[in-house]
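Inspection log for the structure reproduced underneath, given as structure tokens.
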Amino acid sequence: MKMGIFKKKELKIGLALGSGAARGLAHIGVLKVLIEEGIPIDYISGSSMGALVGAYFASKGEVTTLEEMVLGIDWRKLARLIDPNLIFMLRGLILVRRLRNCCRLLLGMLNLKI
Numbered sequence: 004m005k006m007g008i009f010k011k012k013e014l015k016i017g018l019a020l021g022s023g024a025a026r027g028l029a030h031i032g033v034l035k036v037l038i039e040e041g042i043p044i045d046y047i048s049g050s051s052m053g054a055l056v057g058a059y060f061a062s063k064g065e066v067t068t069l070e071e072m073v074l075g076i077d078w079r080k081l082a083r084l085i086d087p088n089l090i091f092m093l094r095g096l097i098l099v100r101r102l103r104n105c106c107r108l109l110l111g112m113l114n115l116k117i
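4 is the number of the first residue of the sequence shown in the working numbering; add one for each residue after it.
Rendered as structure tokens:
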């Protein structure tokens, strides 16, 4: 007779996404494969570009649309996010106001649980 002292816990999967623009593109590919293979992501976190990709995935549950948007980016327009007053990297490379507007365009107004 088995006693129910030690119950088998259901495993959860967490994914941590790193920073960097090129790595962000790789994160999209990884998430696409996980979705295609039916591997559920229970928790997601990220840093910098990884945080943006993670937030998109957490809010939409897919990344195909994000991939299409990224592949269709006019990189000259993207350069507008870079702060022209950058002096010896004393300030952030990306203008927060412009980045916030870009995030709102991609993600809408989200209220994510933390």
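Positions of the beta carbon are idealized from the N, C-alpha and C atoms, including for glycine. Only a predicted model underlies this, so the values are computations on that prediction, with no experimental measurement involved.
Between the options, which lies nearest to residue i when the distance is taken from Cα to Cα?
i	options	result
GLY111	GLY49, ALA58 and VAL66	ALA58
VAL73	SER62, LEU14, ILE16 and LEU55	LEU55
GLY53	ARG26, ARG103 and LEU108	ARG26
Identify the residues that DSSP records as bridge partners of residue i: which are they?
i	result
ALA19	SER48
Is the beta carbon of residue j closer than 8 Å to that of residue i?
i	j	result
LEU18	ILE44	yes
ALA61	ILE47	yes
GLY1	LEU20	There is no way to answer for residue 1, as the model of the chain reaches only from 4 to 117.
LYS15	VAL66	no
Sequence ranges, beta strand (DSSP E) only - wholly within the stretch 37-88, length at least 3: 46-49
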